[in-house]
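> In the UniProt record's numbering, the protein residues as written are 1 to 317.
Ideal Cβ placement from N, Cα and C applies to all residues, glycine included.
Below, the structure is given as structure tokens:
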């Protein structure tokens, strides 16, 4: 059985178990693109339609199973759908690795960076993130450091070639995380991924959030940080984005965002290098890792890094 046939077989089995028509017409609607958008890299996306109606289904790629906790993703997705910030989860088939959602329809597509940089879009995006934060709470604690440790173990097991300075970056990431643990925060449900392709945009300009692989409960500022990191290259833009979120840009909030962004970039660096080594799919996973590695290098070489850590630890505004 070919790889594509395996995905389709798993999908049809899941549709049947979730109460959808066994003879539904299935269309593969998302082609995987690792760099720069990470589009459909963990899951294959399908639209299924029949006389009973339609749905959108995600089928987990087998090579991503070591990284994805299916039950946690299902919980985070279900809560996000109930918040109305994301499509509703309609069915779950863990055995086949399939999640079934309401179909937003053909007028919606994955956002590109330029879509989210358009005037007014950041405010709309922040509103959706707030809906998730204030919405139903999954029984999932999100820890980016636990995710990084999982990848560290996989990289060692699979003999992944890491950059020469990986031990130093690892150390900086550990110190950044420890500094952040000194903060008193009210954990909330997160989206957990700032990449543009995990936002859907309609032909009328509406937005919805999708893909809660890294959802769960944590500091809401993590969502802010990783979104700013994906959208903006310049400090002025970050500060304006923080002001749009919080009403002002305190120095401690800027420091928190920079530290969270470093941690997130190191995760995606390890992810890209590991997947580029182990996956047989013809996607440019390693390019993702090379791009985020560049951002990691810029951060650990920034003379302000130690000051950001100290400021966060001391709680100085």
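Under 8 Å by Cβ, that's how I've got residue 60 and residue 78 pegged, so tell me the actual separation to the nearest angstrom.
Not quite, the Cβ-Cβ distance comes to about 16 Å (not below 8 Å), so this is no contact.
> Note down, one range per segment and in chain order, each alpha helix (DSSP H) of at least 4 residues found wholly within the stretch 205–281.
220–231, 235–246 and 251–278
> When burial is assigned at 16 or more other CB atoms within 10 Å of the CB, is residue 106 buried or exposed?
exposed
> Contact defined as beta carbons within less than 8 Å: I believe residue 199 pairs with residue 111. What is the distance between those atoms, to the nearest angstrom?
Contact between residue 199 and residue 111 holds: their C-beta atoms lie close to 4 Å from each other, under 8 Å.
> Per DSSP, which one or two residues make a beta bridge with residue 58?
45 and 99
> Mapping DSSP to helix, strand and coil, what is residue 306?
helix
> In terms of DSSP beta bridges, what is residue 109 paired with?
201
> Is it true that the CB of residue 52 sits closer than 7 Å to the CB of residue 21?
yes
> Residues in the same chain with beta-carbon distance under 7 Å from residue 197, minus the five sequence neighbours each way, listed in chain order, please.
These residues qualify, in order along the chain: 37, 38, 39, 110 and 111.
> Return the CA-CA distance between residue 172 and residue 221, expressed in angstroms with no decimal places.
20 Å
> Give a single yes or no on whether residue 159 has its beta carbon closer than 6 Å to a heavy atom of the ligand MN.
This structure simply doesn't include the ligand MN, nor any ligand for that matter.
> Could you give the first and the last residue of the continuous beta strand (DSSP E) run that contains residue 92?
89–93
> If you run the structure through DSSP and keep just helix, strand and coil, what is residue 33?
strand
> Using DSSP with H/G/I as helix, E/B as strand and the rest coil, what is residue 50?
strand
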